[in-house]
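Asker: Using the numbering used here, the first residue of the sequence shown is number 52, and each one after it goes up by one.
Backbone N, C-alpha and C define an ideal beta-carbon position, used for all residues, glycine too.
First the structure, which I've put down as structure tokens, then a few questions once you've had a look.
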Amino acid sequence: MKIREELRKRNPDSADYARDLSISYDRIGDIYKALGDTKSALTSYESSLKIAEELRKRNPDSADYARDLSISYDRMGIFIKHWAIKAPLRSKLFEDS
């Protein structure tokens with residue numbers, strides 16, 4: 052991850068490095084979600100979404116960037132739905148203890 056972040060930092064105009072970083076953030080978010088680390092998952096998904104939005108804005112005719120943005124929105128939506136469903140259950144468990 053640090054290598055991808057450094058490549059993006061050194062080459063801010065490279066859409067390829069930005070796209071690679073965005074995809075990596077999505078995948079890292081999936082891992083954090085699977086591990087139950089919701090805060091880190093959300094941070095990763097937000098980072099991916101920010102880059103995907105930037106790429107789409109800079110390249111409005113690119114189908115690839117439109118697809119990447121839709122994937123970022125989808126992952127964020129699934130995460131929020133998953134979190135929203137489980138949050139009341141967690142609260143109930145703590146109330147019953």
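(1) If you follow the alpha helix (DSSP H) that S191 is part of, which residue opens it and which one closes it?
(2) Considering just the uninterrupted stretch of the alpha helix (DSSP H) at S99, what are its terminal residues?
(3) Excluding the five sequence neighbours on either side, which residues of its own chain have a C-beta within less than 8 Å of the C-beta of E105, listed in chain order?
(4) Is the distance from the Cβ of S73 to the Cβ of S99 below 7 Å?
(5) Spatial neighbours of I79 within its chain, please: C-beta separation below 6 Å, excluding the five flanking residues on both sides.
(6) Taking DSSP as the reference, what is the three-state secondary structure of S73?
(7) Is the stretch 76-92 touching the stretch 107-117 in the sense that three or more CB pairs, one from each, lie closer than 8 Å?
(8) If we ignore side chains and look at the alpha-carbon of each, how far apart do A135 and N62 end up?
(9) Look at the alpha carbon of S123 and the alpha carbon of D71, and state the distance between them as a whole number of angstroms.
Answerer: Working from what's here:
(1) No answer is possible for residue 191: the residues shown for the chain start at 52 and end at 148.
(2) 89-109
(3) A69
(4) Going by beta carbons, S73 and S99 fall inside the 7 Å limit.
(5) S95
(6) helix
(7) no
(8) Looking at the backbone, the Cα of A135 and that of N62 are separated by about 38 Å.
(9) 13 Å
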